[in-house]
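Trainee: What follows is a structure written as structure tokens; I'll ask about it next.
2 protein chains.
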Amino acid sequence: MEAAARVIARRGVRGLRVEELAAEAGVSTALIYYHFKDRAGILHATLEFINDRAGRYTTERGPDEPPLDALGELRQTLLLEFQDTPEVRENSTAWGELRASAVFDPELREDLARATLVWVQEVAELLGRVRPMGGAAALAGSAERLTALVEGLSVRWLSGSLPLAHARDLMAEAVDAELERLRG
Amino acid sequence: MEAAARVIARRGVRGLRVEELAAEAGVSTALIYYHFKDRAGILHATLEFINDRAGRYTTERGPDEPPLDALGELRQTLLLEFQDTPEVRENSTAWGELRASAVFDPELREDLARATLVWVQEVAELLGRVRPMGGAAALAGSAERLTALVEGLSVRWLSGSLPLAHARDLMAEAVDAELERLRG
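Okay, structure coming up:
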């Protein structure tokens, strides 16, 4: 799965060839087909892998760091999507590619819609902990906007239209604006 | 250029073949190479074309419609990016594709960064007419967020993760939130 995320981040979903993936992973193409059945199976598993990995790098805390409050957790989960590390770049590139490919490939859509929903719900839950009086619809709307903004800013960053530090500032201000709005 | 936008919206930037474009436009490949030199030239001209077209469909008013005030113009320019017409779908798909391809293709980046800047400045200018006391940096930040959100919501809409009417509602609320923020 790491190899698949790497190959997709390097060449895009549409450039994904099972032969290259097998070489990158150091296994045979037969083994890949055995495990994932087909290209759709590979993409499905890759999406799960990059979601799990994003879940990890947007929530991790050092052993000596004090636990975060809800606001800290909300900020961290959205801002840590903007880091200049190979892992985050690769993850973000692969996610953006799966998203862009789903416009052309209906096979990808269901998985992606489900993954988007899970992400939106996680952010809505954090927003609700900061604003316990925010209504469910308002919390969901804010979470949809914040996560869509992560996607919009990430692809600008990765395509060279937006410096990373500025993307992070824009994101931090968006969190403040949504929290202000949810105060009612 | 219409043919190029159509072919890109159908198959993606990476699926763009000059032969198919020539067939779609009903001209020879030689004529296309004569006019645009190479693939980069085609993409450059296509980006200009879709920007001009978006400029038209996000600002057009019927002859009997009263002129809009600054707030109306701001809302219209952002909300008319979400319409279920072949033109808007095609434009939005092609723009998203150029954006996603620029992650992999440095040749596209400069044009795209320039087009993004022009768009951000237009929106910042409209925001400034609604909030004349908003500082330049705050106006630019709001415009960057709103345009990045258009991109993020559009690709969700086009990839089947978000119904169009809901995308429009989310966008309208984002405009309100940014204007509230700019009130200071």
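So the sequence lines, in the order shown, correspond to chains A and B. So the first sequence is numbered by the working numbering: it starts at 1 and just counts up by one. So the second sequence is numbered by the working numbering: it starts at 1001 and just counts up by one. A virtual CB, placed ideally from N, CA and C, is assigned to each residue, including glycine. Being a predicted model, the structure only gives us computed values, none of them experimental.
Helix, strand or coil for R1006(B)? Go by DSSP, reduced to three states.
Mentor: Working through the second sequence from its first residue, we reach residue 1006(B) at position 6. Helix at R1006(B).
Trainee: Between which two residues does the alpha helix (DSSP H) holding P86(A) run?
Mentor: As a first step, residue 86(A) must be located in the first sequence, where it is residue number 86. From DSSP, the alpha helix (DSSP H) with P86(A) extends over 86 to 102.
Trainee: Do three or more CB pairs link the stretch 1088 to 1102 of chain B to the stretch 1165 to 1174 of chain B at distances below 8 Å?
Mentor: Because the criterion of three Cβ pairs below 8 Å is not met, the stretch 1088 to 1102 of chain B and the stretch 1165 to 1174 of chain B do not touch.
Trainee: Quick check on DSSP: helix, strand or coil for P106(A)?
Mentor: Counting from one through the first sequence, the residue named residue 106(A) turns up at place 106. Looking at P106(A) - three-state DSSP - the assignment turns out to be helix.
Trainee: Relative to the C-alpha of D105(A), which candidate in M1001(B), A1005(B), A1003(B), A1009(B) has its C-alpha closest?
Mentor: Mapped onto the first sequence, residue 105(A) falls at position 105. It is A1009(B) whose Cα lies nearest to the Cα of D105(A).
Trainee: Starting from G1141(B) and walking both ways along the alpha helix (DSSP H), at which residues does that stretch end?
Mentor: Working through the second sequence from its first residue, we reach residue 1141(B) at position 141. Start and end: 1136 to 1158.
Trainee: Is there a Cβ of chain A sitting closer than 8 Å to that of V1155(B), yes or no?
Mentor: By one-based count along the second sequence, residue 1155(B) stands at place 155. Answer yes: the Cβ-Cβ gap between V1155(B) and chain A drops below 8 Å somewhere.
Trainee: If you reduce the DSSP assignment to three classes, tell me which class G1184(B) lands in.
Mentor: As a working note, residue 1184(B) is residue 184 in the second sequence. Coil at G1184(B), not helix or strand.
Trainee: Cβ of T1046(B) within 8 Å of Cβ of A1005(B)?
Mentor: The sequence position of residue 1046(B) within the second sequence is 46, counting from 1. The sequence position of residue 1005(B) within the second sequence is 5, counting from 1. In contact: T1046(B) and A1005(B) (Cβ atoms closer than 8 Å).
Trainee: Count the other CB atoms, across all protein chains shown, that sit within 10 Å of the CB of E1152(B); report buried if there are 16 or more and exposed otherwise.
Mentor: The residue you call residue 1152(B) lines up with position 152 of the second sequence. Just to set this straight, residue 1152(B) is Gly in the shown sequence, not Glu. So G1152(B) counts as buried.
Trainee: Going straight from the alpha carbon of L1068(B) to that of E1002(B), what length do you get?
Mentor: Here residue 1068(B) corresponds to residue number 68 of the second sequence, with the count starting at 1. Here residue 1002(B) corresponds to residue number 2 of the second sequence, with the count starting at 1. Roughly 29 Å between the two C-alpha positions.
Trainee: State the Cα-Cα distance for the pair G1141(B) and A1030(B), rounded to the nearest angstrom.
Mentor: Position 141 of the second sequence, counted from the first residue, corresponds to residue 1141(B). Position 30 of the second sequence, counted from the first residue, corresponds to residue 1030(B). Approximately 45 Å, taken between the alpha carbons.
Trainee: Hey, does R1099(B) have any beta-carbon neighbour from chain A nearer than 8 Å?
Mentor: Locating residue 1099(B) in the second sequence gives position 99, counting from the first residue. Closer than 8 Å to some Cβ of chain A, the Cβ of R1099(B) qualifies, so yes.
Trainee: Can you have a look at V258(A) and say buried or exposed, based on whether 16 or more other CB atoms are within 10 angstroms of its CB?
Mentor: One cannot answer for residue 258(A) here, as it falls past the ends of chain A, which runs 1 to 184.
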